[in-house]
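Numbering (my numbering), first residue to last: 4 to 678. Using N, Cα and C, we set each Cβ at its ideal position, and we do this for glycine too. These notes concern the structure reproduced below.
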């Protein structure tokens, strides 16, 4: 028995038909019991990993080949039109998107470095993607948590330019693939330029140019390293880092501003000595750049756009596409002063609550530089978003006696009909007058020693000379003399008067019918055109069309064909000087009714105005010095009624139908504008 215990066992034969085939995948594993049956072998693990990797590679290859770089989003290229004051500061940015695309060359290197340090230090060496950032964002989005950052500048550029802002796994995959392709197709500088032009900086600003204007009121090319660091901080989230939005925001912004400056030093993008210069936080201005047409801005933009369309082939639709840089002639200080002068007089002297005659009073004013025709200021109404008609550029307000200098200029230039027949034409001078027989005579022919401003009257029996009933043209120009100018216009020829007025700067379509009263101002030129036309007298007969745009740029280049017209000789120099001589006397007479200190500071000026002989429903004052020609018009109108309302008793019974107010506005403005 003992020996039998150690007898070896022979293997059992398998019964016929019981042979088992080897499985392709031995899982669960045979020959294992318990949990070991479910534990893969190292070969199985390695094979599974290799299979998954192969599938992922195949999937990536498929996605990479199937996902193409799409066309840029329309929104990514949308720009505003930027309008600038004469001093180069931005007036307003208008468009569906407040963006002004600029070249990378116009962005300071310090701003580029600040953005790279803040957002993607390895920008110039990476392949355009961050695997770590992609995985973090992928799992965060899949779990329904807040989206995590970590994308490269290239990825953010792709998201802004080619994709939507939706936070989905599909979009992140597309972002990843397109970023790889964009990094291979475009240079790093092109990508950085695109990123800086498409990023959101808060305050309604897309792109670094709009942001620079919104936060500091300067173009991006003038940013210093400290300001650049703050703008770079805003890329993390302007709602959290705009320092003007609260104390907590200010603390966060200042901390990140310091961090970005220090990070530039660590990354070798800034010297330590340079960093030490910026220890004071660069406080941005409280209010961002205006994107509104309120106040006078809408009127200024209206005039600038009209000027552009007159001088180019651009249409309203072209301008609506955006992307234009429009540099204007408007002087910021003078524009604000003109508004202040108008509103000051209206507030002081016009009281709709006290007098019904003071309701619906409107003022339009414009100030033009005679030497070249530049419009430096205008007042178009109370608010362009409420009162839509531009009073400074409207045609519909009769100009009255302020038109008479054009009649005088036509007479001095062309002469007048001699006698009542067709005997030809005779020369006209400032001392010419109409005698009792209705013929045009010269006081110097009768009284050679007489001063034109002080006609002697009949000094010898039987000799007639100019008197109050028969004033010289100089006297009639100063005191009014409607009858004299009606007769003079007839003798000169109404066509000649009209052509002279157009030649010195008025528009032909603003001219009234050539009727008997045409010479006393039934025409309706705008305040801009009146200021420009009087500027022709100030410029000794050289006429410049009023203009409001000095430069028009698109994509950083001047728009083709945009040129300023040259001055043209409209009047002989002696004719223009004679008219100015008369208008200086008229200005001196007007100054008697104004504050002496104000007129003294303005100095010598020439002026024409409506007076007590005018029965039209408007009041005008147009005057000029060598530097500025300014026109002010006052009238009454209701938006629902095209006809002008009466000016009687505006401002009280002693206002001479409101004619005292335009000179006051003019003097208050010119006192400040010429000092």
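Of the choices the options, whose alpha-carbon is the least far from that of residue i?
i           : options               : result
residue 655 : 356, 669, 482 and 514 : 356
residue 593 : 666, 563 and 650      : 666
residue 642 : 392, 83 and 333       : 392
residue 233 : 224, 249, 214 and 222 : 214
residue 650 : 385, 429, 614 and 483 : 614
residue 335 : 316, 370 and 107      : 370
residue 612 : 344, 485, 605 and 556 : 485
residue 383 : 473, 637 and 435      : 637
residue 616 : 482, 160 and 188      : 482
residue 96  : 90, 89 and 82         : 82
residue 161 : 288, 88 and 196       : 196
residue 676 : 265, 218 and 606      : 606
residue 519 : 498, 506 and 538      : 498
residue 505 : 547, 92, 469 and 589  : 547
residue 125 : 191, 572 and 316      : 191
Using 7 angstroms as the threshold, is the C-beta distance between residue i and residue j below it?
i           : j           : result
residue 431 : residue 412 : no
residue 398 : residue 503 : no
residue 380 : residue 318 : no
residue 508 : residue 536 : yes
residue 172 : residue 123 : no
residue 444 : residue 438 : yes
residue 669 : residue 405 : no
residue 101 : residue 208 : yes
residue 118 : residue 235 : yes
residue 329 : residue 555 : yes
residue 401 : residue 621 : yes
residue 586 : residue 609 : yes
residue 227 : residue 552 : no
residue 395 : residue 367 : yes
residue 223 : residue 306 : no
residue 353 : residue 359 : no
Would you call residue i buried or exposed, if buried means 16 or more other Cβ atoms sit within 10 Å of its Cβ?
i           : result
residue 658 : buried
residue 313 : exposed
residue 530 : buried
residue 635 : buried
residue 59  : exposed
residue 279 : exposed
residue 297 : exposed
residue 77  : exposed
residue 131 : buried
residue 201 : buried
residue 42  : exposed
residue 674 : buried
residue 240 : exposed
residue 478 : buried
residue 532 : buried
residue 199 : buried
At the level of alpha carbons, what is the spacing between residue i and residue j?
i           : j           : result
residue 320 : residue 99  : 13 angstroms
residue 639 : residue 331 : 30 angstroms
residue 419 : residue 85  : 52 angstroms
residue 150 : residue 205 : Interpretation of residue 150 is limited by its pLDDT of 44, a score under 50 that renders its predicted location unreliable; the figure taken from the coordinates is listed afterwards. When rounded, the distance between both Cα atoms is 19 angstroms.
residue 107 : residue 211 : 10 angstroms
residue 476 : residue 545 : 23 angstroms
residue 344 : residue 672 : 6 angstroms
residue 564 : residue 434 : 47 angstroms
residue 259 : residue 285 : 13 angstroms
residue 550 : residue 570 : 12 angstroms
residue 253 : residue 114 : 20 angstroms
residue 557 : residue 80  : 13 angstroms
residue 244 : residue 230 : 14 angstroms
residue 492 : residue 521 : 8 angstroms
residue 580 : residue 543 : 6 angstroms
residue 303 : residue 128 : 48 angstroms
residue 364 : residue 348 : 12 angstroms
residue 660 : residue 647 : 13 angstroms
residue 604 : residue 340 : 16 angstroms
residue 470 : residue 626 : 27 angstroms
residue 181 : residue 289 : 39 angstroms
* What residue ranges within the segment 174-201 form continuous alpha helix (DSSP H) runs of no fewer than 4 residues, ordered along the chain? -> For the segment 174-201, whole alpha helix (DSSP H) runs of length 4 or above, ordered along the chain, are 191-201.
* **Within the segment 331-415, ranges of the beta strand (DSSP E) (whole runs, at least 3 residues)** => You should have 364-371 and 378-382.
* Contained alpha helix (DSSP H) runs [length at least 4] in the segment 534-612, N- to C-terminal order -> Scanning the segment 534-612 for uninterrupted alpha helix (DSSP H) segments of 4 residues or longer gives 576-594 and 599-605, listed from N- to C-terminal end.
* Pick out the complete alpha helix (DSSP H) segments inside the segment 281-330, 4 residues or longer, and give them in chain order. => Runs found: 300-314 and 319-323.
* May I have a chain-ordered list of the beta strand (DSSP E) segments no shorter than 3 residues that lie completely inside the segment 74-145? => Under the rule that a run must span 3 or more residues, the beta strand (DSSP E) segments found entirely inside the segment 74-145 read 84-87 and 93-97.
* To do: Could you pull out every unbroken alpha helix (DSSP H) segment of at least 4 residues lying fully inside the segment 464-539, listed in chain order?
  => Along the segment 464-539, the alpha helix (DSSP H) occurs as fully enclosed runs of 4 or more residues at 476-482, 485-495 and 497-507, listed in sequence order.
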